[in-house]
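Have a look at the structure below before the remarks.
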Amino acid sequence: MLPIIIVIGGLVVILLVIALAVIAIYNGLVAKRVQCENGWAQIDVQLKRRYDLIPNLVETVKGYASHEKETLESVIRARQQAIDAGSVGEQAQAESFLTATLGKLFALSEAYPELKANENFMQLQEELTSTENKIGFARQHYNDVVSRYNTACQQFPANIVAGMFNFEQREFFEVVDEAVREAPQVQF
Amino acid sequence: MTDAPAHADKFSAYPPDLTYHDLIARNKRNSALLVLGMGALSVAVCVAVGVVIMLYANGGVSLPGLVLACVVGVFVVSMTGCWSYFSGGRALLALSGAREIQKADDPQLFNVVEEMSIAAGLPMPRVFVMHEAALNAFATGRDPRHAAVAITTGLRQRLTRDELAGVMAHEMAHIRHHDIRLTMLVATMVGLIVMAADVAGRSLRYGGRGRSRSGGKGGGAAVLIVLVIVIVLAIVAPLLARLIQFAVSRQREYLADAGAVELTRNPKGLADALRKLAADTEPLTVANRATAHLFIVNPILNARGRENLNSVFATHPPIGERVRRLEALMV
Chain A
1 MLPIIIVIGG
11 LVVILLVIAL
21 AVIAIYNGLV
31 AKRVQCENGW
41 AQIDVQLKRR
51 YDLIPNLVET
61 VKGYASHEKE
71 TLESVIRARQ
81 QAIDAGSVGE
91 QAQAESFLTA
101 TLGKLFALSE
111 AYPELKANEN
121 FMQLQEELTS
131 TENKIGFARQ
141 HYNDVVSRYN
151 TACQQFPANI
161 VAGMFNFEQR
171 EFFEVVDEAV
181 REAPQVQF
Chain B
1001 MTDAPAHADK
1011 FSAYPPDLTY
1021 HDLIARNKRN
1031 SALLVLGMGA
1041 LSVAVCVAVG
1051 VVIMLYANGG
1061 VSLPGLVLAC
1071 VVGVFVVSMT
1081 GCWSYFSGGR
1091 ALLALSGARE
1101 IQKADDPQLF
1111 NVVEEMSIAA
1121 GLPMPRVFVM
1131 HEAALNAFAT
1141 GRDPRHAAVA
1151 ITTGLRQRLT
1161 RDELAGVMAH
1171 EMAHIRHHDI
1181 RLTMLVATMV
1191 GLIVMAADVA
1201 GRSLRYGGRG
1211 RSRSGGKGGG
1221 AAVLIVLVIV
1231 IVLAIVAPLL
1241 ARLIQFAVSR
1251 QREYLADAGA
1261 VELTRNPKGL
1271 ADALRKLAAD
1281 TEPLTVANRA
1291 TAHLFIVNPI
1301 LNARGRENLN
1311 SVFATHPPIG
1321 ERVRRLEALM
1331 V
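The following block contains the structure:
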């Protein structure tokens, strides 16, 4: 009689320990996944901010350099492409392209001293520069937390819990270098 | 545009085998130890005063009296501890003459701070400005949710955008590491005692005549109590000063520099800013011995110039060495 109780009691204790460990690991994974989601949300906020700033910028530039139609249109098109992008990879590519066309627009503004001296333009330039930086830093942070989450999902014994509850690996937000380099040569 | 590598995890400016998580744990533990230490000190002072009172009243040392003294000691440290933890940041900002600004006042400064908070994945701290010609900056607060950064107008005007980002990244690293909690507690709790001890020590040396004139038993007891407090403070003040030095070791500044590069991935910005800070000879009038360790560079100048390295209060490493370490991170 007594040995059976000891065996059953032992099993119960072991199961309890396992259950507690699973709960702890599960909560840890959830916390890391939430960090990834927050990181992604921050990138999203900054990307939207950039979409909002661009029409203003285009309008301001038009006032001083209306015949630079090609560049202005390419900026607007790049913005639309970025808004329409589906997957993380597509988005990254479209955003890199948008960054490149914006860079072209600012390079072009060098030729228009009146535009460069415009208060509104200067403000927009600071805001866009900062938003680009924020996108970069948000991406840096996002990749950091994604890497930590992915590592946590793969490590033993968390990988068992991750498999049980469908924790999927997340994609990095990578800069597509080719798009950045090729952009100036693209013709519309 | 800052060219951040796509795989943030591959980059580390920290020394090997060290992450900012270790630094956070260390700072939280040291903050708790500091409060415990201050508690022990407070109880010791109260018991010493209690014993003197009991002996003077010819009642002999009684247990209830000792217990009462301990309770008073715990009460005193709880009150100062709570004040220091919850209002210390505000007090230090006010003491430094810092005024809070909004985005419209300085969009670029605000943007740079926001960029750094995004890079660290932390909430946006409040931004303050000190109207001072001296070049300096500091961060304070009890945790990243209740944090503030402050910069002098002199420094704000002298820096380029990249340099400003370097300085603000350094402050954000202090926030991220939870350095701000420990340095805030040290400044408000220990720093003020050290300053009080300075004043007490001076009055003990030069105030002897006033004491001999006071007559009567009541006056004598009061003088005795003050004397005990002053003597205890005079004994512990150098120890506390030593404690400040240990608690806010020079290592902290090197690690914040590394943490800054971890955020900006641009050692040059901070290195250039530090060179400008090193060339500055204007003392920061609002800084004192209690708050000096908060700042990015030592704000207190001696007659020979910026750095008084042999001082007990050399809480900052030499700027040249900091720049050299940053340059080592430039590839």
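Residue numbers (this note's numbering), protein chains in the order written: chain A, 1 to 188; chain B, 1001 to 1331. All C-beta atoms, glycine included, are put in the ideal place defined by N, C-alpha and C.
By the Cβ-count criterion, B/Pro-1317 is buried, with 16 or more other Cβ atoms from all chains shown falling within 10 Å of its own Cβ. With respect to the C-alpha of B/Leu-1164, the residue from B/Met-1124, B/Phe-1110, B/Ile-1180, B/Phe-1295 having the closest C-alpha is B/Phe-1110. Identification of chain A residues near B/Gly-1141 by a Cβ-Cβ cut-off of 7 Å yields none; the smallest Cβ-Cβ distance measures about 20 Å. In the assembly as shown, B/Lys-1103 is an exposed residue. Its beta-carbon has fewer than 16 other beta-carbons within 10 Å. Taking 7 Å as the cut-off between beta carbons, the residues of the stretch 21-52 of chain A near chain B are Gly-39, Gln-42, in sequence order. Here DSSP, grouped into helix, strand and coil, assigns B/Ile-1151 to strand. One Cα belongs to B/Met-1054, the other to B/Val-1223, and the distance between them is close to 15 Å. Residue ranges of uninterrupted beta strand (DSSP E) with 3 or more members are absent from the stretch 1160-1208 of chain B; none lies entirely inside it. Per the coordinates, the alpha-carbon of A/Val-58 lies some 16 Å from the alpha-carbon of A/Lys-48.
When secondary structure is reduced to three states using DSSP, B/Glu-1321 falls in the helix class. For the C-beta of B/Pro-1107, the chain A residues within less than 9 Å are, from N- to C-terminus, Gln-123, Glu-126, Glu-127, Ser-130. Residues of the stretch 132-144 of chain A that bring their beta carbon within less than 7 Å of a beta carbon in chain B comprise Glu-132, Asn-133, Lys-134, Gly-136, Phe-137, Ala-138, Arg-139, Gln-140, His-141, Asn-143, Asp-144, in sequence order.
Straight-line spacing of the CA atoms in A/Glu-132 and A/Arg-139 works out to 11 Å. Selection A/Ala-92, A/Val-75, A/Asn-38, A/Tyr-64 evaluated against A/Asp-52 yields A/Val-75 as nearest (Cα-Cα). Cβ contact annotation for B/Ala-1048 (same chain, cutoff 7 Å, sequence separation greater than five): Val-1228, Val-1232, in chain order. Listed in chain order, the positions of the stretch 1107-1126 of chain B with a beta carbon within less than 8 Å of a beta carbon of chain A are Pro-1107, Gln-1108, Asn-1111, Val-1112, Glu-1114, Glu-1115, Met-1116, Ile-1118, Ala-1119, Ala-1120, Gly-1121. With a threshold of 16 other beta carbon atoms within 10 Å, A/Trp-40 meets it and is buried. Distance from B/Ile-1296 to B/Asn-1136 at the Cβ level is roughly 6 Å; contact confirmed, criterion being Cβ atoms closer than 8 Å. Remark: three or more beta-carbon pairs, one from each stretch, lie closer than 8 Å, so the stretch 94-103 of chain A and the stretch 67-84 of chain A are flagged as touching. In the structure shown, A/Val-58 adopts helical secondary structure according to DSSP, grouped into three states. Here DSSP, grouped into helix, strand and coil, assigns B/Glu-1100 to strand. If the five residues before and after B/Ser-1031 are omitted, its C-beta is found closer than 8 Å to the C-beta atoms of His-1178, Arg-1181, Leu-1182, Leu-1185, all from its own chain and listed in chain order. In the three-state DSSP reduction, A/Gly-10 falls in the helix class (H, G or I). Residue pairing by DSSP puts B/Met-1130 in a beta bridge opposite B/Ala-1098, B/Thr-1152.
In this structure, the CA atom of B/Ile-1101 is about 17 Å from the CA atom of B/Met-1116. Listed as beta-bridge partners of B/Thr-1140 by DSSP are B/Ala-1148. Taking a contact as a CB-CB distance under 8 Å, the pair B/Pro-1267 and B/Leu-1326 counts as one, their CB atoms being some 4 Å apart. Going by DSSP, A/His-141 is part of the alpha helix (DSSP H) stretching over 119-154. Assignment of B/Phe-1295 by DSSP, reduced to helix, strand and coil, places it in the strand class.
A straight-line Cα-Cα distance of about 18 Å links B/Thr-1264 and B/Ile-1151.
It is roughly 6 Å from the alpha-carbon of A/Ala-92 to the alpha-carbon of A/Glu-174.
Spatial neighbours of A/Asn-120 in its own chain (CB-CB distance under 7 Å, excluding positions within 5 residues in sequence) are listed in chain order as Thr-60.
Taking a cut-off of 8 Å for Cβ pairs, the stretch 142-158 of chain A and the stretch 21-35 of chain A touch, as three or more such pairs fall below it.
Cβ-Cβ separation between B/Arg-1099 and B/Pro-1144: approximately 22 Å, too far for a contact (criterion under 8 Å).
Between A/Glu-171 and B/Gln-1108, the gap from beta carbon to beta carbon reaches 8 Å or more.
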